[in-house]
Amino acid sequence: MFVSSVEFDGKVAPVTGAGSGTGAATALLLAEREAAVTLVGRRQSKIDEVAAQITSKGGRALAIPGDVSIAHDLESAVRATVDAFGALHFGVNNAGVTGIFAPTAEMTEKDWRRVVGTTLDGLFFGMKYEIPAILAAGGGALVNVSSVFADRGDRRSTTRPPSMRSAGLPVPQQRNMAHWEFGSTNFSQASSTLR
């Protein structure tokens, strides 16, 4: 089911991993539906390209370079979003990286940290800074994107299954966290509504 543009008109959403793939497509769709979008990504040239596509069609976009595995980068992106657009209503935590295809004994700690830093820490830092801003705006929603490998696994990579699940938590724990910490309702594996 598609959501009408009226529901996004005047709304604001940062999207991580917005320079390519699912993140770029999500940002473009939100902008098409009249939301203001902050594009967060490591590659400035890529997020600038997506921002240019949005603004060329009359949309509002802000490109913020950042590494989601660094808390300060996401804190700064959320602050810049609120400063530029006046509020934050949605958060789309999409950034992710592919694990190294190697047996566990052959992986380096650097390989492990890169994947876990982006897919787990990045999701946590995104929620940490987005939730207060969403609540300050009167409520909204979070969407935490994970891979199909979150539930299926991949025999070629140790890093994939644990890093690809939303915050590495089983769905019942995600629901519990959302309810008790954030007072959310209508929580599913994909998104959480905050009020």
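Just so we're aligned, residue 1 is where the sequence shown starts under full-length UniProt numbering, counting upward by one. For each residue, glycine too, the CB sits at the ideal point set by N, CA and C.
Q: Flag this pair as yes or no: are the beta carbons of V15 and G23 separated by less than 9 Å?
A: Yes, Cβ-Cβ distance for V15 and G23 is below 9 Å.
Q. Is it buried or exposed for D67, if we count other Cβ within 10 angstroms and need 16 for buried?
A. D67 should be labelled buried.
Q) If you draw a straight line from the C-alpha of R60 to the C-alpha of A36, how long is it? A) R60 and A36 have their alpha carbons spaced roughly 5 Å apart.
Q: Could you tell me whether the Cβ atoms of L123 and N93 are closer together than 9 Å?
A: Their beta carbons are under 9 Å apart, which means L123 touches N93 by this criterion.
Q | Assigned exposure category for T108 - 16 Cβ within 10 Å defines buried | A | By the 10 Å Cβ count, T108 comes out exposed.
**Q.** Spatial neighbours of A133 in its chain, beta-carbon cut-off 7 Å, leaving aside the 5 residues before and after
**A.** So the qualifying residues of the chain are V78, V82, L88.
Q.
Could you tell me which whole alpha helix (DSSP H) segments of length 4 or greater appear in the region 52-122?
A. Entirely contained in the region 52-122, the alpha helix (DSSP H) runs reaching 4 residues are, in chain order, 71-85, 109-116.
Q) On the premise that L142 lies in contact with G91, defined as a C-beta separation below 8 Å, what is that separation, rounded to the nearest angstrom? A) The pair is a contact, with the Cβ atoms about 5 Å apart (cut-off 8 Å).
Q.
For S69, which residues in the same chain have their Cβ closer than 7 Å to its Cβ, ignoring the five residues on either side in sequence?
A. In chain order, G117, T118, D121, G122 place their CB closer than 7 Å to the CB of S69, counting only its own chain and leaving out the 5 sequence neighbours on each side.
Q) Taking the DSSP output, what are the residues bridged to G41? A) DSSP, once it has assigned bridges, lists P65 as partnering G41.
Q) With C-beta atoms as the reference, is F125 less than 9 Å away from L74? A) Yes. Within cutoff.
(Q) Is the beta carbon of E34 closer than 9 Å to that of D9? (A) Closer than 9 Å, so yes.
Q. Can you name the start and end residues of the beta strand (DSSP E) that A18 belongs to?
A. Counting along the chain, A18 falls outside any beta strand (DSSP E), and DSSP gives it neither H nor E.
Q) Does DSSP put V145 in a helix, a strand or coil? A) In this structure, V145 counts as coil in the three-state DSSP scheme.
(Q) I'd like to know whether the C-beta atoms of S146 and G96 end up nearer to each other than 9 Å. (A) The answer is yes: Cβ separation under 9 Å.
Q. In three-state DSSP terms, what is G138?
A. Here G138 sits in coil by DSSP.
**Q.** Nearest-angstrom Cα separation, counted from P103 out to A137
**A.** Distance between the alpha carbons of A137 and P103: 46 Å.
Q | Identity of the residue in T98, Y129, M127 nearest T115 by Cα | A | The sequence shown places Val at residue 115, rather than the Thr named in the question. For V115, the nearest C-alpha among the options comes from T98.
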